[in-house]
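One structure is given here, and the rest of the page talks about it.
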Amino acid sequence: MVTYCQSTEVSELLQIETFSSSTSPTFSQVEKIITRKEDRINQKLRHSWKEATTSDLFLDVTFLDPNNGARFDLPNYTIRDITKLNVWDGSAYVNFLTTRTEGRNKDYWIDKKLGVLYIKSDVRRVTNKPIELSYTYGETVVSGDVEDLCIYLTAVDILSMYSKVVSLSDDGNSQTSSQDQRIIHMKGEINKIYNSLSNIGTF
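Right under this line is the structure:
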């Protein structure tokens, strides 16, 4: 199921008929394109606007915080849930999720918004060997910029299937705009959105 945008938004941007089983491309083909573009956005921005999973990640201590213990900066932010947290005890990895207590004044805690994990107990041991970590992350709401980005990325792919597309002039009359012109315009919008997201710290 697509998340970042809908096929109808793409057809509206291109001013073509709504995608269906009889159009070219078909509805299912467009949905596959959207899914690929969602993955591309996630990779480019190193984040997700739907649930994503990081599994069996090994992390070394970022630094020792005198107030919070050993700090680990995670590769992602907006953490939803920690599903594995194994810490070396000197001879084997110990499952902290079942043997320790979570909380700011407990054994470990996580700043889910920033993607920072702190381990307060066994600090000496975590400095000797990486922790083993799995978690889910991602926003629960798709931002307007991400939605627009997905629409444009999908539209660029679809435009490559046409030699000409129909658009509307300022006076409401139809006119043809070359494929290259439309693609150049959309790529410009794509770059603007990527830069905007980068400037607010998404990269």
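Heads up: the sequence shown begins at -4 in my numbering, then just goes up one per residue. Cβ coordinates follow ideal geometry from the N, Cα and C atoms, glycine included.
Helix, strand or coil for residue i per DSSP?
i      : result
Ala47  : strand
Thr131 : strand
Val82  : strand
Ala150 : helix
Ile11  : coil
Gly183 : helix
Leu192 : helix
Ser116 : coil
Gly98  : coil
Asn90  : strand
Ser2   : helix
Gly139 : helix
Arg41  : coil
Kindly list the residues whose CB is nearer than 8 Å to the CB of residue i, restricted to its own chain and excluding five residues on each side of it in sequence; keep chain order.
i       : result
Asp84   : Asp117 and Arg120
Val(-3) : Glu26, Ile29, Thr30 and Glu33
Ser23   : Ser16
Within this structure, are the beta carbons of residue i and residue j separated by less than 8 Å?
i      : j      : result
Ile146 : Leu8   : yes
Ala65  : Tyr130 : no
Glu46  : Gly133 : yes
Trp44  : Ser193 : no
Asp52  : Leu128 : Note that residue 52 is Leu in the sequence shown here, rather than Asp. Against a cut-off of 8 Å, the Cβ pair of Leu128 and Leu52 comes out as a contact.
Skipping 5 residues on each side, what residues in its chain have a beta carbon closer than 7 Å to that of residue i?
i      : result
Leu148 : Lys32, Arg35 and Ile185
Which whole-angstrom value describes the C-beta separation of residue i and residue j, a residue pair presumed to lie in contact below a C-beta threshold of 8 Å?
i      : j      : result
Phe91  : Leu80  : 4 Å
Lys107 : Ile74  : 4 Å
Val151 : Ile178 : 6 Å
Gln174 : Leu144 : The pair is not a contact, with the Cβ atoms about 20 Å apart (cut-off 8 Å).
Opposite residue i in the DSSP bridges: which residues?
i     : result
Gly64 : Asp60
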